[in-house]
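Report on one structure; see the data block that follows.
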């Protein structure tokens, strides 16, 4: 996880530096500062900082992976990588609920947007609790 943390921290520095340069260069034009790009750059820096900080904290709690040390061999990464749900329908339902919300919001149908938001929350909860309750329970 240390590699991922470094990657996002470098992206944070890049977006922050690019945001400063972009602000200065657009301020020198006749139209003044172009605020949408400036805000987008600094928000991108903030989002990558959040991800990098998360990976930094997680890297302290997990055991060292083969990707984290230089002398790793290919066979060091062999074995089980985790559990992946083979036949879950919940991601499709989440996507359908999100599409319904986008359509309702774009057309200004507030009652349908509220219903779709409730569907998103319900289907996300179904995905999270899929293996805790129901016939799939271990």
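Numbering (my numbering), first residue to last: 1393 to 1530.
Virtual Cβ for every residue (Gly too), placed ideally from N, Cα, C.
Since the structure is predicted, the reported quantities are computational estimates derived from the model, not experimental observations.
Item: Can you say whether residue 1489 is buried or exposed, counting buried as having 16 or more other CB atoms within 10 angstroms of its CB?; Value: buried
Item: From what residue to what residue does the alpha helix (DSSP H) around residue 1514 run?; Value: 1502–1520
Item: Check each candidate in 1431, 1510, 1444 and name the one with the smallest Cα separation from residue 1395.; Value: 1444
Item: How do the stretch 1491–1510 and the stretch 1454–1467 stand: do at least 3 beta-carbon pairs fall below 8 Å, yes or no?; Value: no
Item: Can you give the Cα-Cα distance for residue 1420 and residue 1432, rounded to whole angstroms?; Value: 19 Å
Item: Can you grab the Cα-Cα spacing for the pair residue 1414 / residue 1509, in whole Å?; Value: 37 Å
Item: Could you give the first and the last residue of the continuous alpha helix (DSSP H) run that contains residue 1417?; Value: 1394–1419
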